[in-house]
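Peer 1: Let me begin by handing over the structure; questions about it come next.
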Amino acid sequence: MLTRGFGGALILGLALSPQPAAAQATEAQPPAEASLPLVQVAIRLPTEAGRWETRSQPIYDAHRQALSRRTYTVWNARPSLGLDFVWIPDREAAARPGRVSGQGRLVWRLAGKPSYDPSAFFAEYQGAMRDGRPEGHGMYRDRTGLTYEGPWLGGLPHGEGRLKLGNGAEFAGLFRRGAAEGPGHFYDVDGEIFEGRFRQGLRNGQGRTVLPNGAAYRSDWAAGEEQVNSRRIRLAQLGPARGPGEDIRLGISVDRQDDDSLLQYSATNAESGLVIQPSKRRLMALWKGNENIQLTMREENPSERGSYGVFAYASGDLPPLTLVFEVQNRASAPVRIRGAHLDVESSVSDLQPAIQLSSGATAECGARNRPDFSPRFELENFGWSPAERAQLRFAFARPKTSVAPSAFGVTKEIGLIRTAAKIDMEPELRAAGVKTDQLKRRADTGGIGCRSRGNGPACLAEIAASGLFGTLSRQITLEERDIYLNAVGNLSYVWKNAKGEEEARTSPFTARLLLGRTPIEAECGEGAEKEPVGKKPLEFRLDQSRYRLPIAFERTIPAGRSARYTVAVSAAKSSGHNFKVVLQTADGQQIASRPISLTYFRPSRLVEGTPTE
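Under the numbering used here, the first residue of the sequence shown is numbered 940, with each subsequent residue one higher.
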């Protein structure tokens, strides 16, 4: 009997329970019956009783400039797993002790393992919390590769969300208190798609089913079981001509490591096929979208191997993309696979600039830290084409305030950005009456003094009235001990694609200019098992079409069993690839995966990090 496991349960309360369907692939059944679904997927909660967990952890108090301990309480839906948690609030309001509320990250780790051990990671929730449970919008992921993003209520998925399983299957639709309820789409790992209604986590009522061969029909379900007449239509859609290869299902997913510093990929199902792209939302939003190119404070700090920001990677953080292909034999006899290859329709270099705006880390100690007076930043290009005729249009503004584009009254010509351009805002600040020479001297002699230390608003008013900041005195803010002013605007440029055609691009930016610090007394210190196929990654051939990449692969898949294999792929540049994975059986038949569209990112240069042992 063939069954498929869909990974573990969400520690926050969601589980996926495979249930055997009415028809199983066994030797006693005729071959046609082997095409029926082997499992039904119940998207609903586990039965384990949860409990409240309380933990004391160290927290840095920015106002007191000292470490303190706070006690947090959260709801643990799976206490039998024996996990510890860490709460990482996004802001001070979410750091209050007691039952956790506010925005932040809730990380679950294996108990008894050191915090620096990446193998201790089990699950993470990032988003809104209320009274110790996820509530509002949030994203969950765990070590099995299972992810959920969408709304939560009382610790449970509730509303329109998207659930991805570790084996590549995916559900997108409505949840009600942790179970699929109402309209939704389920994409099976072998390419079968169901679009219809769910009830208590099971397919229920009429829907539309698209089979792996592309045939579509109107299906009818009751409590997760496909009805008899509907199953007959399914068999008719599969066609009369059947051989052993038609009982083989080939599903594709992406392997993932438990290390957020690595450049990794994720797969999303669509009716047209599988879409693979870098899993970091910010990377795609800066490179292909229209998100602010300014790095966050967290992104400015380098990883252990030296990577930082969105596009700046050390070589150790750039593993090959590893495809996972799951071969399912639904026949009543073993099937011998005698070969495999990637059938590539096209591979096109993607030369689009990948620009991030870096101001340097804000910490006083450590790598990439910035001076106390630093009204400058760097535009770093990690794409494969230079940005030409680059120009900034901006206005100075108080941090955390919006500025209409019509107010971007200052223009600064940049020219060519091949790898990086250093931007100095000191001339524009002087033109606004800022006494930059005095700010430099204060930075070298201990900072800008404040008699109202410990009272943030009073200290800010005192600094603003000092006369150092000219017409911008009402635009500065004091964050902990850092004095900031924003430059808000757009970066515009043109670039040439692989065909030599010129394309225009405009990206918003918000540069945080550090104008000074208040004094501080501190010292710096010292800083299913998957079987790999082949040892070397397959290399895509850039700017070529309709070619094959052979895979040395020969295995026998027993009847009623599935097996998972991995193959690594890479490319010399950022590029786009359309392809399929194809298996050849011993009797000459071919089994192809769904069409795969891959957006591959590789920076044009690497940062030099210090490798860790």
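Just so you know, even glycine gets a beta-carbon here, dropped at the ideal spot from N, CA and C. Predicted, not measured: the structure shown is a model, and the values here were computed from it.
#1: On a CA-only basis, which of Ser1288, Phe1125, Ser1271, Asp1289 is nearest Ala1111? Give me that one, please.
#2: Note down, in chain order, each residue of its chain lying with its Cβ closer than 7 Å to the Cβ of Arg1157, except the 5 sequence neighbours on either side.
#3: Touching or not, the stretch 1219 to 1232 and the stretch 1267 to 1281, by the rule of three or more beta carbon pairs under 8 Å?
#4: In the DSSP output, what is Lys1438 paired with across the bridge?
#5: Are at least three pairs of beta-carbons, each pair with one atom in the stretch 1327 to 1345 and one in the stretch 1353 to 1369, less than 8 Å apart?
#6: For Pro1195, which residues from the same chain have a beta carbon less than 6 Å from its beta carbon, with the 5 sequence-adjacent residues on both sides left out?
#7: What did DSSP end up calling Gln958 once you bin it into helix, strand or coil?
#8: What do you get for Gly1182, buried or exposed, if any count of 16 or more other CB atoms within 10 angstroms of its CB means buried?
#9: List the endpoints of the continuous beta strand (DSSP E) containing Val1039.
#10: When the distance is taken between beta carbons, is Ile1490 closer than 9 Å to Ala1300?
#11: Relative to the alpha-carbon of Lys1339, which residue among Glu1165, Phe1316, Thr1449 has its alpha-carbon at the smallest distance?
#12: Per DSSP, Thr1524 is paired with what?
#13: Under the three-state reduction of DSSP, which class applies to Val1557: helix, strand or coil?
#14: Indicate the three-state DSSP secondary structure (helix, strand or coil) for Pro1018 in the structure shown.
#15: Could you check what DSSP says for Glu1031 in three-state terms: helix, strand or coil?
#16: Note the first and the last residue of the continuous alpha helix (DSSP H) segment covering Trp1323.
#17: If we call anything under 9 Å between Cβ atoms a contact, is Asp1283 one with Arg1533?
#18: Checking 9 Å against the spacing of the C-beta atoms, do Phe1060 and Leu1045 come in under that value?
#19: When DSSP builds the beta bridges, which residues end up paired with Trp1226?
#20: In three-state DSSP terms, what is Ser1431?
#21: Mind reading off the beta-carbon distance from Ala1293 to Pro1447? Whole number of angstroms is fine, and I expect it under 8 Å.
#22: Taking 9 Å as the threshold (C-beta atoms), are Thr1457 and Ile1387 in contact?
#23: Arg1142 and Gly1163 - do their beta-carbons sit closer together than 9 Å?
#24: What separation, rounded to the nearest whole angstrom, lies between the Cα atoms of Pro1090 and Met1236?
#25: From Trp1434 to Glu1441, what distance separates their C-alpha atoms?
#26: Taking the continuous alpha helix (DSSP H) assigned at Ser1169, which residues delimit it?
#27: Can Ser1205 and Leu1453 be called in contact, C-beta distance under 9 Å?
#28: Straight-line CA distance for Gly1117 to Tyr1087?
Peer 2: So, from the listed chains and residues:
#1: For the options Ser1288, Phe1125, Ser1271, Asp1289, the alpha carbon positioned closest to that of Ala1111 is the one of Phe1125.
#2: Non-local beta-carbon contacts of Arg1157 in its own chain, meaning distances under 7 Å to residues more than five positions away in sequence, involve Gln1145, Arg1147 in chain order.
#3: With the rule of 3 Cβ pairs closer than 8 Å, the stretch 1219 to 1232 does not count as touching the stretch 1267 to 1281.
#4: None; Lys1438 has no bridge partner.
#5: Of all C-beta pairs linking the stretch 1327 to 1345 to the stretch 1353 to 1369, three or more are shorter than 8 Å, placing the two stretches in contact.
#6: Looking at the sequence shown, residue 1195 is not Pro but Arg. Only Gly1084, Gln1203 meet the Cβ criterion.
#7: In this prediction, Gln958 has a pLDDT of 36, which is less than 50 and means its spatial position is unreliable; what the coordinates show is noted afterwards. The answer is strand: DSSP assigns Gln958 an E or B state.
#8: Any reading at Gly1182 needs caution, since the residue's pLDDT is 47, under 50, leaving its predicted position unreliable; the model's value is listed next. By the neighbour-count rule (16 or more Cβ atoms within 10 Å), Gly1182 is not buried but exposed.
#9: It is not in any beta strand (DSSP E) - Val1039 carries neither H nor E in the DSSP assignment.
#10: Cβ distance not < 9 Å, so Ala1300 and Ile1490 don't count as in contact.
#11: Selected option, being the one with the closest Cα: Thr1449.
#12: Bridge pairing for Thr1524: Ile1276 [DSSP].
#13: Lying outside 940 to 1552, the shown extent of the chain, residue 1557 is not represented and no answer is given.
#14: When DSSP states are grouped into helix, strand and coil, Pro1018 belongs to the helix group.
#15: Look at Glu1031 here: in three-state DSSP terms it is helix.
#16: No alpha helix (DSSP H) holds Trp1323; DSSP gives it neither H nor E.
#17: Correcting the residue type first, residue 1283 is Val in the shown sequence and not Asp. In this structure, Arg1533 does not lie closer than 9 Å to Val1283 by Cβ.
#18: Their beta carbons are not under 9 Å apart, which means Phe1060 does not touch Leu1045 by this criterion.
#19: Trp1226 has no beta-bridge partner at all, per DSSP.
#20: DSSP places Ser1431 in strand when its eight states are reduced to three.
#21: Ala1293 to Pro1447, Cβ: 16 Å. No contact.
#22: The answer is yes: Cβ separation under 9 Å.
#23: Using a Cβ distance threshold of 9 Å, Gly1163 and Arg1142 count as a contacting pair.
#24: In a straight line, the C-alpha of Pro1090 is about 27 Å away from that of Met1236.
#25: Answer to the nearest angstrom: the Cα atoms are 6 Å apart.
#26: Boundaries of the alpha helix (DSSP H) harbouring Ser1169: 1167 to 1177, taken from the DSSP string.
#27: No, they are not a contact pair.
#28: Annotation: Gly1117 to Tyr1087 spans about 11 Å, alpha carbon to alpha carbon.
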